[in-house]
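Note sheet for the following structure.
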Amino acid sequence: MKACIICKTEEGKYKCPTCLVYYCSVSCCNKHRNTKCTLTKRKEDEIVTDNNKYEFRTRDTIPHKKLKMLEEDKSLKNLLSNPHLRSLLKTVDKSEQPETIMQKAMLEPIFVEFADACLKVVEPEESTDN
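Following the UniProt record's numbering, the numbering of the sequence shown begins with 1 at its first residue and continues without gaps.
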């Protein structure tokens, strides 16, 4: 159960689209709107992607060009042939508490290898040639 961030007594059934905290009612929502959301603040400008979906940019948003590179990476394709890894990814994706599940998944070597491979594609280390 996720508790309401405002009243802390009721179950948080709704999620703020800006900072992703949970609240339980219209009155708690209105109280929350009077505060400044900062956790994952969304820019108001939406960018239309090539498949007509909207992307809300945050400081962690990966550009589509780099996401396309993930799709084409042979080492990632090889890792994704592992049924255990696919099962872990599905569990994280379907979880109501992805942060907690992600922490547990990061204890699995195959998941860490997958995360590292993804980061190498989207954030390659810069050459340290002197």
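Even for Gly, the Cβ is constructed at its ideal location relative to N, Cα and C.
Query                                                                                                                                                          : Result
Are at least three pairs of beta-carbons, each pair with one atom in the stretch 88-105 and one in the stretch 57-76, less than 8 Å apart?                     : no
Under the three-state reduction of DSSP, which class applies to K90: helix, strand or coil?                                                                    : helix
Where I110 and L79 are concerned, what is the direct C-alpha to C-alpha distance, given to the nearest angstrom?                                               : 8 Å
By DSSP, does E108 sit in helix, in strand, or in coil?                                                                                                        : coil
Pick out the complete alpha helix (DSSP H) segments inside the UniProt domain "HIT-type" (4-37), 4 residues or longer, and give them in chain order.           : 26-33
Output needed for C7: all residues of its chain with C-beta closer than 7 Å, excluding positions within five of it in sequence on either side, in chain order. : C24 and C28
Taking the alpha helix (DSSP H) that N78 belongs to, which residues open and close that run?                                                                   : K74 to L79
If we ignore side chains and look at the alpha-carbon of each, how far apart do A117 and D93 end up?                                                           : 18 Å
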